[in-house]
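Here's the structure, in structure tokens; my notes come after.
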Amino acid sequence: LTGLIAGPLAHRYTPRPVAIAGGCIGAFGLIISYFATNIEYLVFSLGIVHSIGSGMLFVVIPTVINEHFVRYKGLAMGINFAGATMGTFVFPKFLELATNQYGFKSALLLFGALCFNAVAFSLFLRQPHWLKEKLKREQQARAEKCHVVNEPADAGRDRSTVVPNGPV
1 LTGLIAGPLA HRYTPRPVAI AGGCIGAFGL IISYFATNIE YLVFSLGIVH
51 SIGSGMLFVV IPTVINEHFV RYKGLAMGIN FAGATMGTFV FPKFLELATN
101 QYGFKSALLL FGALCFNAVA FSLFLRQPHW LKEKLKREQQ ARAEKCHVVN
151 EPADAGRDRS TVVPNGPV
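Using UniProt numbering, you'd call the opening residue of the sequence shown number 1 and step up by one each time.
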């Protein structure tokens, strides 16, 4: 369900800030699990908060791969999803080891710190130059469809109104 929010946000603001927000929300969900006193708190912190952050990342990262790879897009997507699948095998075992060593609460805190690495990696996300140029051309084309009509100054202020081309 997070994709319904993350997709349009990534389209409007670029994937980078959405990935940063997703990483922060996901890590925050794990870190506040440290303070859980009952199962309902864990359901909220892990099942809702952490899932929202993870869902944002799972939607945005394939978008970034799609933007950057043309020739080897299938390989890049395969590596991405293979890594996500491997995480489902590795992280439960790692959680078991961390729980045996540090306790369940501290293991969740450790996992939260590990999830903050998603924020660090999200800082490296950039739009490709060809996409920036395409978006700039589209914005200029939209601006050329409108022209500015200056109205008489009112009380020393200049007012202008945008009127679309064509019959008014």
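All residues carry an ideal CB built from backbone N, CA and C; glycine is no exception.
When C-alpha distances from H68 are compared across R142, Q127, E144, the shortest belongs to Q127. For I52, the CB contacts under 6 Å within the same chain, skipping 5 residues up- and downstream, are T2, I25 in chain order. A residue is called buried when at least 16 other Cβ atoms come within 10 angstroms of its Cβ; L135 does not meet this threshold and is exposed.
Taking V18 as the centre and dropping the five residues before and after it, the same chain places the C-beta of A6, L9, A10, M56, V60 closer than 7 Å to its C-beta, in chain order. In the structure shown, T37 falls within a coil segment according to DSSP collapsed to helix, strand and coil. DSSP places P17 within a helical segment (H, G or I) once states are collapsed to three. A direct Cα-Cα distance of roughly 25 Å separates N38 from T88. The beta carbon of S33 sits closer than 7 Å to those of L42, S45, L46, L108, all from its chain and outside the five residues before and after it, given in chain order.
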